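If you read the sequences in order, they're chains A and B. Take the first sequence: its position 106, counted from the start at 1, is 438 in our numbering, and no numbers get skipped. Take the second sequence: its position 38, counted from the start at 1, is 592 in our numbering, and no numbers get skipped. Ideal Cβ placement from N, Cα and C applies to all residues, glycine included. In this text the structure is predicted, and so the values were computed from the model without any measurement. Below: the structure, in structure tokens.
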Amino acid sequence: MKYSVLVIIVFLTSCGGGKTNDPNAFQVPVEYYKLPNGLKVVLSQDATAPTVCVATYYNIGFRIEPRDRTGFAHLFEHMMFQGSENLGKNEFAKLVQQNGGVFNGSTRFDFTNYFEVMPAHKLETALWAEADRMKGLAITQDNLTNQQGVVKNEVRVNVLNQPYGGFPWLDMPQYANKNWFNAHNFYGDLKDLDSAKLEDVDKFFKTFYAPNNAVLAVVGDFETAEAKKWVEQYFGPLAQSELPGKPDISEPKQEQEQVHHKSDTLASKPAIAVAYKMPDRNTADYYAMGLIDQLLVQGQDSKLFQKLTQEKGYTGQVSGGINYLGNMYNYNGPMVWMADLIYDANVSPDSIVNVFDQSIAELNSITQEDVDMAIIKLRSDLYSYIGGNGFGRADLLASFALFDDDPSRINSLEGEFKKITLDQIKKTAAEYLKPANRTILIVDPKKTTTTL
Amino acid sequence: MKSFSQVFVAALTLLATVAYAQKQTPPAGGKPKDFKLPEKKLNTLPNGLKTTMVQYGAIPKVTIQLILKTGNVHEAENEVWLADLTGDLLKEGGTTTMDFKTISKKVAGMGGDINVGVGSDQTFITGSVLSEFAPHLIKLMADMIQNPKFPESEIGRLKDDLKRNLSVQKDVPQAKAQEKFLGTIYANHAYGRYFPTEKMLDSYTVDMVKAFYEKNFGAKRTVVYVVGKFDEGATGKAIEDSFKGWKEGPEISYPPVEQIKTNKVAIIDRPNAPQTTVIIGLPTLTPKAEDVVSLQVTNAILGGSFSSRITTNLREDKGFTYSPFSTIQNNKGVSIWYEQADVTSANTGESLQEIAKEINKLQKEAPSETELNGIKNYMSGLFVLQNSSPGGIIGQLNFIDQNELNESYLTNRVQNIHSVTPDQVSKMAREHFKYEDMTVVLVGDKKLLDKQMKAHEEAKKLK
Chain A
333 MKYSVLVIIV FLTSCGGGKT NDPNAFQVPV EYYKLPNGLK VVLSQDATAP
383 TVCVATYYNI GFRIEPRDRT GFAHLFEHMM FQGSENLGKN EFAKLVQQNG
433 GVFNGSTRFD FTNYFEVMPA HKLETALWAE ADRMKGLAIT QDNLTNQQGV
483 VKNEVRVNVL NQPYGGFPWL DMPQYANKNW FNAHNFYGDL KDLDSAKLED
533 VDKFFKTFYA PNNAVLAVVG DFETAEAKKW VEQYFGPLAQ SELPGKPDIS
583 EPKQEQEQVH HKSDTLASKP AIAVAYKMPD RNTADYYAMG LIDQLLVQGQ
633 DSKLFQKLTQ EKGYTGQVSG GINYLGNMYN YNGPMVWMAD LIYDANVSPD
683 SIVNVFDQSI AELNSITQED VDMAIIKLRS DLYSYIGGNG FGRADLLASF
733 ALFDDDPSRI NSLEGEFKKI TLDQIKKTAA EYLKPANRTI LIVDPKKTTT
783 TL
Chain B
555 MKSFSQVFVA ALTLLATVAY AQKQTPPAGG KPKDFKLPEK KLNTLPNGLK
605 TTMVQYGAIP KVTIQLILKT GNVHEAENEV WLADLTGDLL KEGGTTTMDF
655 KTISKKVAGM GGDINVGVGS DQTFITGSVL SEFAPHLIKL MADMIQNPKF
705 PESEIGRLKD DLKRNLSVQK DVPQAKAQEK FLGTIYANHA YGRYFPTEKM
755 LDSYTVDMVK AFYEKNFGAK RTVVYVVGKF DEGATGKAIE DSFKGWKEGP
805 EISYPPVEQI KTNKVAIIDR PNAPQTTVII GLPTLTPKAE DVVSLQVTNA
855 ILGGSFSSRI TTNLREDKGF TYSPFSTIQN NKGVSIWYEQ ADVTSANTGE
905 SLQEIAKEIN KLQKEAPSET ELNGIKNYMS GLFVLQNSSP GGIIGQLNFI
955 DQNELNESYL TNRVQNIHSV TPDQVSKMAR EHFKYEDMTV VLVGDKKLLD
1005 KQMKAHEEAK KLK
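Below, the structure is given as structure tokens:
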């Protein structure tokens, strides 16, 4: 086998952006390069624990799954554990566990990911296994039928047999958005799941699962030279595929407030979610929304938490954020900022919406001190995410490589938030947090029978 | 005919060899890196409060947790969730000098929140902030726990929150199943009182909260954990300064508990439910038992890991369920083992039978060395992961403290896992996993379930 010289683009951490004057600021080491077959590789050392996280991100999310196959991107994620050329059914999971590791996979708006956290000395094993299934699958009809059963049971346990099942994470995109790619049922209609065929699996794999549509992130305790050698050895020979053009996933501009009701026969208390369409990713408005999210709904000092729980007593808990299926960094398309709560029937939805309006209006009178506090919370959250077992850091590095071709963005985030002025926050709030840009979804509890 | 079959066998062998030769064997990996449990610094103040500090990690954050040896276990029969209300009012009622809004702002300025969590045996006050604020967070937490205001003004709203939570939880099938399962095994004990009634919640007053606090909170029942990156001198001093004046409070004391062993089946009707929530299990060995590691290994083989036998059977073979698992749940001095799964309604009886079959198989036949070694490696790897985050480290240290285990439970853990033999696993399955002795709770469509109970009766007779 011949390998051509690797095309290497290295971002030395000292050259990265995001320099802060804070002596406690934490810089993530980032080494980024591409294999000749197009695979993007990000390495980040962290010797805190003798473990390593290997994460493979494919540029295929549920947004762009086939139209007559809702839920297929997620069903397919399950198929990636069902057998490849060298590992039969159940063998991938066994391989990881018998080597002392844990694994998972997930399907999100704009990617599907697979990751293992292994003892550090098992890095080669994990890289081999990820390369093995990137090369090809060996799925039988039995495997497919089995996982159709598993996925339908997943939908039942998380949505169909659960009060507030799918609210608001699965529901809101369907109510807020107009473009099918953003507005369909990502978990899938059970009948669509049932109609998936082996040839669909084959076609989906051939279309989207290729090195030139993927990122490999390795975070943890490893030797760089060794890691690179194995990456080249196992991923280097994999063939590229011809990728289809990206469909138009843009959303038309929303001009009018939308209010929807959903009845829930398993719930006995009403719930409400309020969602506003987000500005485009990586713009000044986007970073401003990150700060607004902190001010409005993150943490016990946030405006919505204080007003809704402490002052009004409408609820004990308010959830909220940008991208309920991840975080504000790991998506690449239309998105909403949202908050939701469960409340009592004697409270009117209007009075809750009024609290949103009032909190948003108060953004007009925030001070620099408030913004500084939001930045501290954001930084603290970010540190927790990129510490941990390596997965959080791999998630950001892989997302930034996948969507922006620039994983070193992980070190310039704080700098971007710090550029946002008070005026920018007010301007963003005025433009995006207005009624015409929002969707309200109310759960009407319709529980008819009482279980004892 | 003989020659034909020989040819056939030869051809098959050849095919198998070819297929085998084409399959790559996964690379085995290198030599394990050293793993040492992170070093800890222990201290006890004159009033009995214990502290544990561990420097860990590279991220400039610190996790501080106050763990008190009190919780729902200290509630009387008509006081279910009073411990939760006490925790809520402790947090959101503020201190004698600072209201909750002020506290929230202060902690936000450190990059975090303070949360109060109430469990059946312990109460947790937790905060995770940027490193430089460790001493400040200690002072704030110390103030909260020693000088709670317990204001009348907040209790109505917090009781409403509990009532709302109660209503929501009672609609969740998994919570209903837990209520029934624990209520059966721990009948007449706080561990079995999963839900209060609305009327009970209505009856709670600030005076009852104050009395619960006086009776159960104090230095002797408290351990302060600090894990992460922090200034040890300043943080240690802050702990000493801000906790030394706290009352000693009550001694550590847990009421006696008895477990009820019954193989009763309880069906809770959830008309038209597409799935049945199944919990099946029984009392088991506590962490203090000599062969508890054998029990843990047996659990991991049976249902406690993704590659386990029950999970492989019910999920990867049959497709009956998405997230089956088994676990050992420990309370003070007592433990239970159970398998839980949400299975397709029509396959509930069959699922129970398959669980019985897997148990029976392990009872009759020791696992292979390969399977056992795989599970041992998994558990050893998991142990490293569990000790590789501030929250995980606190969890491990609290586990040995709460269960009064020796340090060697952690230091010899990997060695102890690896010394379990196949026969021990099989013996464990025979002695502590008797299907016919298990309590069964099913939350699902009763009319469908009644018809399937014959399968369970047959499974009980499996030999």
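In this structure, Phe537(A) sits away from Ala405(A), with a CB-CB distance that is not shorter than 9 Å. Distance from the Cα of Ile834(B) is smallest, within the candidate group Ile864(B), Glu812(B) and Pro810(B), for Ile864(B). Exclusion of the five residues before and after Asn853(B) leaves Ser880, Thr881, Ile882 and Trp891 as the residues of its chain whose Cβ lies within less than 8 Å of its Cβ. Contacts with chain B at 9 Å (Cβ-Cβ) do not include Gln473(A). Judged by DSSP secondary structure, Met412(A) falls outside any alpha helix (DSSP H); it is assigned neither H nor E. Less than 9 Å divides the Cβ of Ala983(B) from the Cβ of Leu856(B). Near chain B, meaning a CB-to-CB distance below 9 Å, the residues of the region 662–692 of chain A are Ile674, Tyr675 and Asp676. Along the region 552–606 of chain A, the beta strand (DSSP E) occurs as fully enclosed runs of 3 or more residues at 590–596, listed in sequence order. Taken atom to atom, the span from the alpha-carbon of Gly583(B) to that of Asn662(A) is near 31 Å. In the structure shown, Tyr675(A) adopts coil according to DSSP, grouped into three states. Ala820(B) does not reach chain A, its nearest Cβ partner there being about 11 Å away, counting only Cβ pairs nearer than 8 Å.
For the options Thr738(B), Thr649(B) and Val661(B), the alpha carbon positioned closest to that of Thr617(B) is the one of Val661(B). Each residue's CA atom was taken as its position, placing Tyr767(B) and Lys724(B) some 27 Å apart.
When only Cα atoms are considered, Ala731(B) and Arg395(A) end up about 36 Å apart. Excluding five sequence positions before and after Glu448(A), the CB atoms of its chain that fall closer than 6 Å to its own CB belong to Val386, Val428, Gly433, Phe435 and Ala458, given in chain order. In this structure, DSSP gives Phe443(A) a state outside helix and strand, which the three-state scheme calls coil. Within the region 937–985 of chain B, complete alpha helix (DSSP H) segments of at least 4 residues are found at 944–956, 962–965 and 967–972, given in chain order.
If you draw a straight line from the Cα of Ala605(A) to the Cα of Ile774(A), it comes to about 7 Å. Within the region 944–967 of chain B, no residue has its Cβ closer than 7 Å to any Cβ of chain A. Pro569(A) is outside the set of residues whose beta carbon lies under 9 Å from a beta carbon in chain B. Proximity to Gly415(A) across Thr753(A), Glu574(A), Leu367(A) and Ala461(A) peaks at Ala461(A), based on C-alpha coordinates. Minimum Cα-Cα distance from Tyr608(A) among the listed residues Ser582(A), Phe688(A), Tyr496(A) and Tyr717(A) corresponds to Phe688(A). Excluding five sequence positions before and after Ser899(B), the CB atoms of its chain that fall closer than 8 Å to its own CB belong to Ala827, Pro828, Gln829, Thr830, Gly998, Asp999, Leu1002 and Leu1003, given in chain order. Here Arg775(B) is near Pro804(B), since their CB atoms are less than 9 Å apart. Here the region 916–932 of chain B does not lie against the region 940–960 of chain B, with fewer than 3 beta-carbon pairs under 8 Å apart. DSSP, reduced to helix, strand and coil, places Ala773(B) within a helical segment of the structure shown. With its beta carbon less than 9 Å from one in chain A, Val661(B) belongs to the interface. Annotation for Asp464(A): Ser416, Glu417, Asn418 and Leu419 place their beta carbon closer than 7 Å to its own, counting only its chain and skipping 5 residues before and after.
When DSSP states are grouped into helix, strand and coil, Asp689(A) belongs to the helix group. Taking Leu636(A) as the centre and dropping the five residues before and after it, the same chain places the C-beta of Leu628, Val629, Val650, Gly652, Ala671, Val687, Phe688 and Ser691 closer than 8 Å to its C-beta, in chain order.
The Cβ atoms of Ile708(A) and Leu684(B) lie closer than 9 Å to each other. Identification of chain A residues near Asn867(B) by a Cβ-Cβ cut-off of 7 Å yields none; the smallest Cβ-Cβ distance measures about 11 Å.
Burial is judged here by how many other beta carbons sit within 10 angstroms of a residue's own beta carbon; His593(A) has fewer than 16 and is exposed. For Gln586(A) against Pro543(A), the beta-carbon gap comes to about 38 Å, at or over 8 Å, which does not count as contact. Shortest Cα-Cα distance from Gln676(B) to any of Lys587(B), Leu644(B), Gly666(B) and Ala637(B) involves Ala637(B). Residue-level contact by beta carbon fails for Trp512(A) and chain B, as no gap is shorter than 9 Å.
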